[in-house]
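Before any comments, here is the structure.
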Amino acid sequence: MDVQMPVMNGIDATMYIRKNMPPPKNKIPIVALTASVLRADLDLCFASGMTAYVPKPFKPWQLINTIAEVTGRDRSKVYSGTDGSNKKAHMDKEPKENGHANKEPQQAEPQKSAPTATASFSSYELSDNVTNLDYLKKFCEGDEKRMKKYIKVYLNALPAFHKNIDAAIETKDFVEIALHVHSFKPKWMMMGMKQTNELGIKIDQLCKSQNDMAFEHIKTLMKDIHKSVKELEVVS
Amino acid sequence: MVKKIFVVDDDEMMAMALEDHLTNNTLHEIHVFRTGEDCIKNLRLQPDVIILDYNLNSVEKEAANGMKILEAIKKLNRDVPVILFSSQDAYSVALQSINKGATQYVIKDEDAFDNIVAICNA
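If you read the sequences in order, they're chains A and B. Numbered according to my numbering, the first sequence spans residues 1 to 236. Numbered according to my numbering, the second sequence spans residues 1001 to 1122.
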């Protein structure tokens, strides 16, 4: 169930199904597809009766495994991975979360400090950490010197980012805001800042429609960044 | 076969990550450029593969973006495979880049670096 829809949104549709449909239809598992990872928005999905959520943009394995979970199927039997074709590789491959080359399809392990795409709402928790260095550690093959090099690049890039965003907010230049936020996404990815990355995607979308809500989300983004600095300065 | 690979990305972290990952996982010769213009100037080195960032003007505002550089590369050497590398996950952007002559379009996600190694080794 997509959440943002015209006429009747996903929240209202779910509430209608839960309240007005006869059993067993009213108990049907409903998976929210949403670009938002804000706690308030996800709480709203949960309160309306949704069973689980998959963040957008999603990978096929995320959706398939979530469907398997909410319908009580064995995930290892449902999704058997890719044909190894390079052209599909960036869309269909299973994520590499355990430090192994992705030669065989693997079950996705939920990250400890970020919400998992396959979690049901009843077990959903927001962690206090905005960063998660598991990916960077795997990328750098556990080499701490290399990891520190990337962390340093991230931290050194922040003053210019702040300056550019402040200047763009000053002039309400949505195009510039979107450009700078967009350009920082790969850095958030390297630092394991998935929620921040998702927020960046949302800001990008809001800027495209020149929606002032972008400014509110930028405040949250800046808080995330401030937290990330505190977390990373300790290890850098 | 040892290949000559051009990495063209204005983002310091991405350029570093690509160079690192390719160096550590292949035996290929890696050349890194921070602007498309520098890549074009060095096409005489006859790269076997070019990995080209989509957004290229964060360092030099006047620098041409990835699509323009892709067109320029194809005019000068239509056979060199170009992999467009981008955070943009819109199909329209991917389609546009393929229509302009890119061989592959790789999204900058956690799988991207391994995907690029696989493509370069193919």
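Glycine included, each C-beta is placed from N, C-alpha and C at the ideal position.
| query | Do residue 1043/B and residue 1117/B come within 9 angstroms of each other at the CB atom, strictly closer than that value? | reply | no
| Can you list, in chain order, the residues of the segment 176 to 187 of chain A whose Cβ is nearer than 7 angstroms to any Cβ on chain B? | 182, 183, 185, 186 and 187
| field | Any 3 or more C-beta pairs closer than 8 angstroms across the segment 195 to 206 of chain A and the segment 149 to 169 of chain A | value | no
| Where the alpha helix (DSSP H) through residue 55/A begins and ends | Element bounds for residue 55/A: not the alpha helix (DSSP H) but the beta strand (DSSP E), 52 to 55.
| field | Beta-bridge pairing of residue 1004/B - partner residues as DSSP gives them | value | 1029/B
| task | Taking only the alpha-carbon atoms, compute the straight-line gap between residue 1071/B and residue 1102/B and give it to the nearest angstrom. | result | 9 angstroms
| request: In the DSSP assignment, find the beta strand (DSSP E) that holds residue 1085/B and state where it starts and stops. | output: 1082 to 1086 is the extent of the beta strand (DSSP E) around residue 1085/B.
| Is the segment 1030 to 1044 of chain B in contact with the segment 222 to 236 of chain A, if contact means three or more CB pairs nearer than 8 angstroms? | no
| request: Using beta-carbon positions only, say whether residue 29/A and residue 52/A come within less than 9 angstroms of one another. | output: yes
| query | Going along chain A, which residues have a C-beta under 7 angstroms from residue 1087/B? | reply | 182, 185 and 186
| field | Distance between residue 1083/B and residue 1104/B (C-alpha atoms, nearest Å) | value | 5 angstroms
| message | To the nearest angstrom, how far is the alpha carbon of residue 1080/B from that of residue 1027/B? | response | Note on geometry: alpha-carbon atoms of residue 1080/B and residue 1027/B lie some 19 angstroms from one another.
| message | Tell me the rounded alpha-carbon separation between residue 11/A and residue 129/A. | response | 28 angstroms
| task | Using a Cβ-Cβ cut-off of less than 8 angstroms, list which residues of the segment 188 to 213 of chain A approach chain B; keep chain order. | result | 189 and 190
| query | Just reading off the beta strand (DSSP E) that residue 1119/B is part of, what are its end residues? | reply | Per DSSP, residue 1119/B belongs to no beta strand (DSSP E); it is in the alpha helix (DSSP H), 1112 to 1121.
| request: Using 10 angstroms around the beta-carbon of residue 71/A, count the other beta-carbons present and answer buried if the total reaches 16, otherwise exposed. | output: exposed
| field | Rounded separation between residue 213/A and residue 173/A - CA only | value | Approximately 14 angstroms, taken between the alpha carbons.
| request: Would you give the residue range spanned by the alpha helix (DSSP H) that residue 195/A belongs to? | output: Counted as a single uninterrupted DSSP element, the alpha helix (DSSP H) harbouring residue 195/A occupies residues 194 to 208.
| query | Taking 9 angstroms as the CB-CB limit, is residue 145/A close to chain B? | reply | no
| Hey, out of 63/A, 183/A and 206/A, whose CA is closest to residue 1056/B's CA? | The shortest C-alpha separation from residue 1056/B is found at 183/A.
| field | Paired residues, beta bridge with residue 33/A - DSSP | value | 2/A and 54/A
| residue 25/A (DSSP reduced to helix, strand or coil) | helix
| Does the segment 138 to 158 of chain A come close enough to the segment 1038 to 1054 of chain B that 3 or more CB-CB pairs lie under 8 angstroms? | no
| message | With a threshold of 9 angstroms between beta carbons, is residue 98/A in contact with chain B? | response | In this predicted model, residue 98/A has a pLDDT of only 32, less than 50, meaning its place in the structure is not dependable enough to derive any value.
| Does residue 1110/B have its Cβ less than 9 angstroms from a Cβ in chain A? | yes
| message | So, at 8 angstroms on beta carbons, what are the nonlocal neighbours of residue 1015/B in its own chain, with the 5 sequence-adjacent residues on each side left out? | response | Excluding its 5 nearest sequence neighbours in each direction, residue 1015/B has C-beta neighbours in its own chain below 8 angstroms: 1007, 1009, 1032 and 1034, listed in chain order.
| query | Are the beta-carbon atoms belonging to residue 236/A and residue 152/A less than 9 angstroms from one another? | reply | yes
| query | What's the gap between the Cα of residue 220/A and the Cα of residue 1078/B? | reply | 46 angstroms
| Closer than 9 angstroms to chain A by CB, residue 1102/B | At a cut-off of 9 angstroms between C-beta atoms, residue 1102/B does not count as an interface residue with respect to chain A.
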